[in-house]
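Engineer: What follows is a structure written as structure tokens; I'll ask about it next.
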Amino acid sequence: MSESVTIEVPARLHLGFLDIPRHVPEPGHNRFGSVGLPIQDVATVLTISRAAKAHVEGDEQERVAQHVATLSRHLGIKAQHRIVVHQTIPQHIGLGSGTQIALAIAAALRSLHSLPLDIVNDASLLGRGTRSGIGIAAFEKGGVIVDAGKGPNSAAPTIVARIPFPEDWRIILVFDTSTQGIHGDAEIEAFKALPPFPLATSAAINRHVLMGIMPGLIENNLPLFGQAIAAIQSEIGNYFAPAQGGIFTSKRVAATISQLVRAGAVGIGQSSWGPTGFAFAASQMDAERIVDTIDQDAYGTTIQIVAGRNAGADITHAALNLARACTMGAFIKKERIL
């Protein structure tokens, strides 16, 4: 019997931090917090199976091999594996590529060996989720997620709210393939160089979450939701501007976003360190109208319209009995992490 596990892990939008710890933490103010959501149609997809010799195909081969080795040591797995990476979330554009491929490997490996999933601790083992819990929570279940940062005894940031994203609403993504967001050591240094995050800014952001984003989603009130997102993004963008060269990392994205606003989009912003920008529309038809209104070629950006995702990762188990393939065919079991 030959077995394999295929997993699809969605990209996520990071809509902003709720707070950022000071260099000298104050009581009650030493944790990040964030808001975000997973999206449809942009994902990491890979398949893992047992093999006589370790082999990785596709993108991110070195990172995938390192994650498999780390997890195998941790779990006491002696088997070798073949991993085929079918597609990946583009690296360093603000959509959570590093966290999602780590979680994909962890869940696929555990599923292949009939081990229970342990997303939070595996994320910690692989060095993910140190600031934001959105990527981890997006793997487990979709919707708009609010985390309150990591507590003193927490392996991952604590999820305090999760609200379904309205099915009709759409997200307009704006990409600039000529640049990347700050990442790695540069990200660590950027946080060190920035001034202490003002308590008043954190208070304003948290008010927008509680009084704008959350009721906007529950009431299906896009203007209220969009106004809160834009306000949070303005606060965050101004704070990070010295590190990233402006409210937006990419001037091309900023120019395209301005056109989208004039055409009727709301809730503009940048996911994480960018350069990916975003805006919201009330429906697929409205999003298409907005995009068709602007000059997409003027600034060298590309645009994609996606829905929000209200479910977690998809895991597919496949087994093929080669001796009886002609008569029995393949057995496939698909489950969604909820």
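As numbered in the working numbering, residues 1134 to 1471 make up the sequence shown, in order. Glycine included, each C-beta is placed from N, C-alpha and C at the ideal position.
Ignoring anything shorter than 3 residues or poking outside the region 1174-1220, list the beta strand (DSSP E) runs there in chain order.
Structural biologist: 1188-1190, 1213-1220
Engineer: Going by DSSP, what residues sit across from Ala1326 in a beta bridge?
Structural biologist: Position 193 of the sequence shown, counted from the start, is the residue given in the question as residue 1326. Ala1326 is not bridged to any residue.
Engineer: Rounded to a whole number of angstroms, what is the C-alpha to C-alpha distance between Trp1406 and Ile1315?
Structural biologist: Start at 1 with the first residue of the sequence shown, and residue 1406 comes out as number 273. Start at 1 with the first residue of the sequence shown, and residue 1315 comes out as number 182. Going from the Cα of Trp1406 to the Cα of Ile1315 covers about 6 Å.
Engineer: Let's see if you can read the secondary structure: which residues bound the alpha helix (DSSP H) around Thr1389?
Structural biologist: Position 256 of the sequence shown holds residue 1389. Looking at the DSSP string, the run of the alpha helix (DSSP H) that includes Thr1389 is 1384-1395.
Engineer: Compute the beta-carbon to beta-carbon distance between Ala1256 and Leu1236, rounded to the nearest angstrom, for a pair I have assumed lies under 8 Å.
Structural biologist: Along the sequence shown, read from residue 1 onward, the residue named residue 1256 stands at position 123. Along the sequence shown, read from residue 1 onward, the residue named residue 1236 stands at position 103. The pair is a contact, with the Cβ atoms about 6 Å apart (cut-off 8 Å).
Engineer: With a cut-off of 8 Å, do at least 3 Cβ pairs link the region 1176-1195 to the region 1211-1227?
Structural biologist: The region 1176-1195 vs the region 1211-1227: in contact.
Engineer: Let's test the definition: count the other Cβ atoms within 10 Å of the Cβ of Cys1459 and tell me whether it reaches 16, buried, or not, exposed.
Structural biologist: Stepping through the sequence shown from its first residue, residue 1459 is reached at position 326. Only weak support is given to the placement of Cys1459: the predicted model assigns it a pLDDT of 39, under 50, and the value that follows is read from those uncertain coordinates. Cys1459 should be labelled exposed.
Engineer: Determine, for Val1386, whether the minimum Cβ-Cβ distance to residues of chain B falls below 8 Å.
Structural biologist: Considering every chain present, this structure includes no chain B. It has just one protein chain.
Engineer: Would a C-beta distance cut-off of 8 Å place Ile1296 and Leu1350 closer than the cut-off?
Structural biologist: The count along the sequence shown starts at 1 and reaches residue 1296 at position 163. The count along the sequence shown starts at 1 and reaches residue 1350 at position 217. Yes, Cβ-Cβ distance for Ile1296 and Leu1350 is below 8 Å.
Engineer: In chain order, what residues of the same chain lie with their CB nearer than 8 Å to the CB of Asn1354, ignoring the 5 residues before and after it?
Structural biologist: As a first step, residue 1354 must be located in the sequence shown, where it is residue number 221. Hits under 8 Å: Pro1348.
Engineer: In whole angstroms, give me the CA-to-CA distance for Leu1453 and Asp1419.
Structural biologist: Numbered from its first residue, the sequence shown carries residue 1453 at position 320. Numbered from its first residue, the sequence shown carries residue 1419 at position 286. Bear in mind that a pLDDT of 49 at Leu1453, under 50, signals an unreliable position, so the number given afterwards is only what the model happens to contain. Distance between the alpha carbons of Leu1453 and Asp1419 is about 45 Å.
Engineer: Would you mind listing the alpha helix (DSSP H) stretches within the region 1235-1267 that are 4+ residues and don't spill past its ends, in chain order?
Structural biologist: 1252-1258
Engineer: Leaving out the 5 sequence neighbours to the left and right, which residues in its chain are closer than 7 Å to His1341 when beta-carbon positions are compared?
Structural biologist: For this step, residue 1341 is matched to residue 208 along the sequence shown. Only Ala1361, Ala1364, Ile1365 meet the Cβ criterion.
Engineer: Under the assumption that Ala1271 contacts Pro1171 (Cβ atoms under 8 Å), give the Cβ distance between them as a whole number of angstroms.
Structural biologist: Counted from its first residue, the sequence shown places residue 1271 at position 138. Counted from its first residue, the sequence shown places residue 1171 at position 38. Right, their Cβ atoms sit about 4 Å apart.
Engineer: In chain order, what residues of the same chain lie with their CB nearer than 6 Å to the CB of Phe1330, ignoring the 5 residues before and after it?
Structural biologist: Numbered from 1 along the sequence shown, position 197 holds the residue referred to as residue 1330. Cβ neighbours of Phe1330 beyond the five flanking positions: Ile1153.
Engineer: If Ile1346 and Gly1441 are in contact, beta carbons under 8 Å, what's the gap, nearest whole angstrom?
Structural biologist: Residue numbering aside, residue 1346 sits at position 213 when the sequence shown is read from its first letter. Residue numbering aside, residue 1441 sits at position 308 when the sequence shown is read from its first letter. That pair is no contact at about 13 Å.
Engineer: Roughly how many angstroms lie between the CA atoms of Lys1325 and Ala1388, to the nearest whole one?
Structural biologist: As a working mapping, residue 1325 is identified with position 192 in the sequence shown. As a working mapping, residue 1388 is identified with position 255 in the sequence shown. Going from the Cα of Lys1325 to the Cα of Ala1388 covers about 29 Å.
Engineer: Have a look at the DSSP bridge pairing and note the partners of Thr1310.
Structural biologist: Within the sequence shown, numbered from 1, the residue matching residue 1310 stands at position 177. DSSP, once it has assigned bridges, lists no residue as partnering Thr1310.
Engineer: Just tell me which of Glu1368, Glu1273, Ala1412, Arg1264 has its CA closest to the CA of Ile1321.
Structural biologist: The residue you call residue 1321 lines up with position 188 of the sequence shown. Out of Glu1368, Glu1273, Ala1412, Arg1264, Arg1264 has the C-alpha closest to the C-alpha of Ile1321.
Engineer: Ignoring anything shorter than 4 residues, give me the alpha helix (DSSP H) runs that lie fully in the region 1331-1410, in order along the chain.
Structural biologist: 1332-1341, 1347-1351, 1355-1377, 1384-1395
Engineer: List the residues that DSSP assigns as beta-bridge partners of Leu1146.
Structural biologist: Within the sequence shown, the letter at position 13 stands for residue 1146. Partner(s): Leu1170.
Engineer: Can you list, in chain order, the residues of its chain whose CB lies under 8 Å from that of Ile1436, leaving out five sequence neighbours each side?
Structural biologist: For the purposes of this step, residue 1436 is taken as the residue at position 303 of the sequence shown. Same-chain partners within the cutoff: Ile1305, Leu1306, Val1307, Phe1308, Thr1389, Val1424, Gln1429.
Engineer: Checking the sheet assignment: what are the DSSP bridge partners for Gln1437?
Structural biologist: Position 304 of the sequence shown holds residue 1437. The partner list for Gln1437 (beta bridge, DSSP) reads Leu1306.
Engineer: Using beta-carbon positions only, say whether Ala1289 and Ile1448 come within less than 8 Å of one another.
Structural biologist: Position 156 of the sequence shown holds residue 1289. Position 315 of the sequence shown holds residue 1448. No. Outside cutoff.
Engineer: By alpha-carbon positions, which one of Gly1433, Ala1444, Asn1163, Val1138 ends up nearest to Pro1114?
Structural biologist: Residue 1114 lies beyond the range of the chain shown here (1134 to 1471); nothing can be said about it.
Engineer: Do you know how far the Cα of Ile1369 is from the Cα of Phe1150?
Structural biologist: Locating residue 1150 in the sequence shown gives position 17, counting from the first residue. Locating residue 1369 in the sequence shown gives position 236, counting from the first residue. If you take the alpha carbons of Phe1150 and Ile1369, they lie about 7 Å apart.
Engineer: Determine the extent of the alpha helix (DSSP H) in which Arg1422 is found, giving its start and end residues.
Structural biologist: Locating residue 1422 in the sequence shown gives position 289, where the first residue counts as 1. Looking at the DSSP string, the run of the alpha helix (DSSP H) that includes Arg1422 is 1417-1426.
Engineer: Between Leu1204, Gly1191, His1188, Leu1393, which lies nearest to Arg1422 when the distance is taken from Cα to Cα?
Structural biologist: Walking along the sequence shown from the start, residue 1422 turns up at place 289. With distances taken between Cα atoms, Arg1422 lies closest to Leu1393.
Engineer: Rank Glu1136, Ser1167, Val1439, Pro1143 by C-alpha distance to the C-alpha of Pro1299 and give the top, closest one.
Structural biologist: As a first step, residue 1299 is located in the sequence shown; it is residue number 166 there, counting from the start. Answer by Cα proximity: Val1439.
Engineer: For Lys1274 and Gly1317, what's the separation of their Cα atoms in angstroms?
Structural biologist: Along the sequence shown, read from residue 1 onward, the residue named residue 1274 stands at position 141. Along the sequence shown, read from residue 1 onward, the residue named residue 1317 stands at position 184. Going from the Cα of Lys1274 to the Cα of Gly1317 covers about 27 Å.
Engineer: Can you tell which of Asn1254, Leu1208, Gln1224, Lys1186 has the C-alpha that lies nearest to the C-alpha of His1246?
Structural biologist: Locating residue 1246 in the sequence shown gives position 113, where the first residue counts as 1. Checking every option, the nearest Cα to that of His1246 belongs to Leu1208.
Engineer: Would you list the residues sitting across from Val1277 in a DSSP beta bridge?
Structural biologist: Here residue 1277 refers to the residue found at position 144 when the sequence shown is read from its first residue. Val1277 is bridged to Ile1296.
Engineer: Who are Phe1413's beta bridge partners in DSSP?
Structural biologist: Translated into positions along the sequence shown, residue 1413 becomes position 280. DSSP output for Phe1413 lists Ile1304, Val1399 as bridge partner(s).
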